[in-house]
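Visitor: In our numbering, the protein residues as written are 47 to 416.
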Ligand code: B12
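1) Label residue 87 either buried or exposed according to how many other C-beta atoms from any shown protein chain fall within 10 Å of its C-beta, with 16 as the threshold for buried.
2) Any heavy atom of the ligand FAD closer than 8 Å to the Cβ of residue 218?
3) Just to confirm before moving on: does the CB-CB distance between residue 387 and residue 359 stay below 9 Å?
4) Do three or more CB pairs link the stretch 206–214 to the stretch 101–121 at distances below 8 Å?
5) Answer yes or no: the CB of residue 312 versus the heavy atoms of the ligand B12, is any distance below 8 Å?
6) Excluding the five sequence neighbours on either side, which residues of its own chain have a C-beta within less than 8 Å of the C-beta of residue 57, listed in chain order?
7) Under a three-way DSSP split, which group does residue 276 fall into?
8) When you compare only the Cα positions, how much space is there between residue 396 and residue 402?
9) So what does DSSP say about residue 244, is it helix, strand or coil?
10) Going by beta-carbon coordinates alone, are residue 341 and residue 277 separated by less than 9 Å?
11) Using beta-carbon positions only, say whether residue 94 and residue 101 come within less than 9 Å of one another.
12) Cβ-heavy atom distance between residue 245 and the ligand B12 below 8 Å?
13) Flag residue 174 as yes when its Cβ comes closer than 8 Å to any non-hydrogen atom of the ligand B12, and as no otherwise.
14) With residue 121 and residue 382 assumed to form a contact (beta carbons below 8 Å), what rounded beta-carbon distance in angstroms separates them?
15) Any chance the CB of residue 281 is under 8 Å from a heavy atom of the ligand B12?
16) Does the count of Cβ pairs from the stretch 303–310 and the stretch 133–143 closer than 8 Å reach three?
17) Using a 10 Å radius around the Cβ and a threshold of 16 neighbouring Cβ atoms, would you call residue 73 buried or exposed?
18) Going by the beta-carbon positions, is the gap between residue 379 and residue 361 smaller than 9 Å?
19) Which residues in the same chain have their Cβ closer than 6 Å to the Cβ of residue 236, if we skip the five residues on either side of it in sequence?
20) What do you reckon, is the C-beta of residue 179 under 8 Å from a heavy atom of the ligand B12?
21) Which word fits residue 192, buried or exposed, when buried means at least 16 other C-beta atoms lie within 10 angstroms of its C-beta?
22) If I follow the unbroken beta strand (DSSP E) through residue 206, where does it start and stop?
23) How is residue 113 classed by DSSP in three states: helix, strand or coil?
24) Using 8 Å for Cβ pairs, my map puts residue 186 next to residue 223. What's the rounded Cβ distance?
25) Is it true that the CB of residue 206 sits closer than 9 Å to the CB of residue 172?
26) Specify, as a first and last residue, the run of the beta strand (DSSP E) that residue 64 falls within.
27) For residue 188 versus residue 225, is the C-beta distance shorter than 9 Å?
28) Please list, in chain order, all residues of the same chain as residue 419 whose beta carbon is under 8 Å from its beta carbon, the five residues on each side excluded.
29) Work out the CA separation of residue 331 and residue 325 for me, nearest whole Å.
30) Following a CB-centred definition, is residue 87 positioned closer than 8 Å to any heavy atom of the ligand B12?
31) On the three-state DSSP scale, how would you describe residue 356?
32) Using the three-state DSSP reduction, which class does residue 127 fall into: helix, strand or coil?
33) List the residues that DSSP assigns as beta-bridge partners of residue 119.
34) Whole angstroms is fine: what's the gap from residue 347's alpha carbon to residue 384's?
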């Protein structure tokens, strides 16, 4: 057995579904990444611009690195739907993949050290400085799609990536995987916010996933309606993709987090359980309490069920986070703007509001009532 086969066997035994190797060198599509940054498509994700050099050259992260071992792990394709409405991206249904794959990578690194692969090694899952999809495409794990996702012929877009930078120089596995988008434009056509500007180019500021996960500030009110029922992340560009429909059922692999079990969205704004405790081990911790409650308020406004009017009115007047008061105000105006109680509450809340920006937003929301 050669070194590559040996490595692949270790990766499979640790539990990874997909495996490949790319050289530890600048990724092929580095220029696209730079153009993307120049155009400001990273929105407020400043860390991408700050780490530009390291992202473009893995050897700045680990000078000894000679190979990027790219690993893929499939996840559930089951939609996550909350009782009464509200949706969560499938990748976030269960245990946080950063933790799960981080452990798997450490296990793989230990095995490789025991098997005499040249050290040292560095583990990367998502947040590390690497253009994961580019190295993965180069290593033959899939093809770059018009939605910017990496598609695997069997898993479609429903898998995560992780990497191990290692000092050993291995033969790259650049065997091309079959598949392409061809003439299909389903993702471009389906995106409700037109976030895909051209095939493969995503404007983060327009992406529901960015807005509901990464944006720490207010979500632009003109986007609220198109967020629909997505309270965390968005799968629309993946759902409409014809690839991956025959992927294995992996709904048990990461499980369903308790925070998403039998909890109608209406309860998310007034949770007696502390946020960290409620979302322990879940990717939903990322936007913090204010961000997640902001999203919940927006989605409740989009669902527009009368049962949420009370909770939105209380959020408008009493929520400790300005982001949530503001989102609740817009949702009330959108869903219950004809109701005099809502109009009065918006008037009172805007005159009592201490945060000048929120006050302006509440006045604007009040104007949209009737
Ligand atoms: C920042 C980020 C985001 C941002 C920006 C997304 C984006 N498209 O850039 C936001 C918050 C919006 C986001 C959303 C999502 N993300 Co994200 N994200 C990242 C992160 C941390 C960096 C991505 C990055 O560098 N973007 C910059 C762009 C320029 O690079 P790129 O997307 O890799 O694009 C390359 C190719 O598309 C190619 N390219 C560019 N233009 C064109 C044009 C053509 C025609 C072609 C062929 C190729 C091509 O060149 C680019 C440079 O290499 C990576 C992890 C990582 N470290 O890489 C995860 C990652 C890309 N995300 C992931 C996931 C799962 C998602 C979501 C599906 C989550 C969800 N359901 O809500 C969505 C998908 C949105 C989408 N359609 O891209 C997975 C993707 C797995 C996969 N199978 O593709 C990753 C790899 C995380 C992981 N470790 O698994 N994400």
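Quick reminder that beta carbons are idealized off the backbone N, C-alpha and C, glycines included.
Guide: With the structure as the only source:
1) Classification for residue 87: buried.
2) Ligands displayed in this structure: the ligand B12; the ligand FAD is not among them.
3) In contact: residue 387 and residue 359 (Cβ atoms closer than 9 Å).
4) yes
5) no
6) 65, 115, 117 and 154
7) strand
8) 9 Å
9) strand
10) yes
11) Contact: yes.
12) yes
13) yes
14) Actually they do not touch by this definition, with Cβ atoms about 37 Å apart.
15) yes
16) Verdict: yes, contact present.
17) Counting C-beta atoms within 10 angstroms of its own C-beta, residue 73 has 16 or more neighbours from the protein chains shown and is therefore classed as buried.
18) no
19) 282 and 286
20) Remark: the shortest separation between the CB of residue 179 and any heavy atom of the ligand B12 falls under 8 Å.
21) Flag for residue 192 reads buried.
22) Start and end: 205–212.
23) strand
24) The beta carbons of residue 186 and residue 223 sit about 5 Å from each other, so the pair counts as a contact at 8 Å.
25) Cβ distance < 9 Å, so residue 172 and residue 206 count as in contact.
26) 64–69
27) yes
28) Limits of the chain in this structure are 47 at one end and 416 at the other, which puts residue 419 out of reach.
29) 6 Å
30) yes
31) helix
32) strand
33) DSSP output for residue 119 lists 206 as bridge partner(s).
34) 14 Å
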